[in-house]
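Beneath this line is the structure, given in structure tokens, with notes to follow.
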Amino acid sequence: MIKHIVKRILIAIPVLICVILVIFVMLRILPGNPAETMAGEHVSQAVIDKISREMGLDEPLYIQFFKYLANAVRGDFGTSYRLNRNVTGIILEAFPNTVKLSICAAVIAWVIGITAGLVAAINQNRILDRLFMGVSLAGVSMPVFMIALVLQYLFAFQFKIFPVSGYDSLACMVLPAISLGWNSAGSIARMTRSNLVEVMQGDYIRTARAKGLRESGVIIGHALKNAMLPVVTMMALQISSMLSGAVLTESVFGIPGIGRLAVNAIETRDMPLLQGTVIFTTILVIIGNLVADILYSVLDPRIREVA
1 MIKHIVKRIL IAIPVLICVI LVIFVMLRIL PGNPAETMAG EHVSQAVIDK ISREMGLDEP
61 LYIQFFKYLA NAVRGDFGTS YRLNRNVTGI ILEAFPNTVK LSICAAVIAW VIGITAGLVA
121 AINQNRILDR LFMGVSLAGV SMPVFMIALV LQYLFAFQFK IFPVSGYDSL ACMVLPAISL
181 GWNSAGSIAR MTRSNLVEVM QGDYIRTARA KGLRESGVII GHALKNAMLP VVTMMALQIS
241 SMLSGAVLTE SVFGIPGIGR LAVNAIETRD MPLLQGTVIF TTILVIIGNL VADILYSVLD
301 PRIREVA
């Protein structure tokens with residue numbers, strides 16, 4: 001297991017460096033001068049040149065990259081042009097809000113997805129099966145921002161059940177969590193249903209029924225356990241994707257998380273802040289993939305032997 005984890009980490013290092021290089025180059029080739037953005041309007045060229053020298057923007061691009069990479073390894077992503085604060089501190093302040101949203105979304109996705117998949121598998125090719133799979137297909141197909149706007153219009157503007165925006169109470173998190181978790185719930189439901197239907201055809205399931213076990217005991221105690229192996233892996237991956245992909249949800253509902261930071265950084269050309277959010281979310285995705293691999297190896301020893 002230790003060798004497997006070390007191998008995954010060593011593979012992830014060049015991937016992370018490539019991501020840092022790509023985002024660094026892309027932001028540097030965009031038109032405009034970061035020093036002018038930081039200095040503001042009606043500033044002389046001498047002041048802009050001085051700021052450029054202090055920021056190291058007059059140095060060759062490869063030197064700027066290696067300096068940035070060395071600082072990033074130490075957890076220093078630079079200083080925000082707009083806020084004039086350390087980017088790492090800004091991200092760490094916003095991260096708990098994104099974590100809270102992602103956890104709520106994950107719980108909703110898991111509860112709804114597993115329940116819907118289980119009910120659909122038990123009622124295979126019946127009305128409930130078609131109904132639940134139709135709804136899950138809609139969840140997979142609809143974009144997050146469309147779900148967010150529809151929920152906001154219905155339950156905040158029309159029925160006034162939940163707040164339109166905010167993040168300071170549990171009620172404020174309901175609509176954003178459903179919006180972010182709806183797509184994942186659809187994927188989990190479809191995978192749970194297909195895996196459970198396949199597992200229910202196994203010989204050991206027929207043996208368990210022949211022993212006189214109740215159908216609920218056969219499904220919960222035998223079939224569901226084996227059917228959940230790939231589902232658990234998907235759930236672990238979805239946590240990292242939720243943490244890194246809450247941009248639209250946070251923007252629609254006004255949640256000050258990492259996604260909203262990235263949007264604001266794009267609007268204001270705040271390159272250090274945008275670089276920091278992209279690199280931070282990339283690290284979260286890598287960690288999520290590693291956790292998913294470890295979980296799958298723990299749940300199924302055969303995978304560990306192959307690895």
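First residue of the sequence shown: 1, per UniProt numbering; consecutive thereafter.
In this text, a Cβ means the ideal position worked out from N, Cα and C, and glycines have one as well.
Check	Outcome
Assigned secondary structure, N86 (DSSP; H/G/I helix, E/B strand, else coil)	strand
Beta strand (DSSP E) runs wholly inside the region 215 to 301, at least 3 long, in chain order	none
Contact under 8 Å by Cβ, L170 with A156	no
Beta-carbon gap between Q45 and G56 smaller than 8 Å	no
The region 136 to 147 / the region 211 to 219 touching (three or more Cβ pairs under 8 Å)	no
Rounded C-alpha distance that separates D293 from Y167	32 Å
Buried versus exposed, by CB contacts within 10 Å (16 or more), V199	buried
8 Å Cβ cutoff met for L196 and A94	no
Start-to-end residues for the alpha helix (DSSP H) that takes in M200	First-last for M200: undefined, no H or E at that position.
Beta-carbon spacing of A246, L101 below 8 Å	yes
Beta-carbon spacing of Y68, P34 below 8 Å	no
Buried or exposed by the 16-neighbour rule on C-beta atoms within 10 Å, applied to G221	exposed
Closest Cα partner of Q238 within the set M26, S187 and P96	S187
Of the listed residues W182, C172, G89 and V47, nearest to W110 (C-alpha basis)	W182
Own chain, CB closer than 6 Å to G259, minus 5 neighbours either side, in chain order	A246, V247 and E250
Alpha carbon of L30 to alpha carbon of V87, nearest angstrom	20 Å
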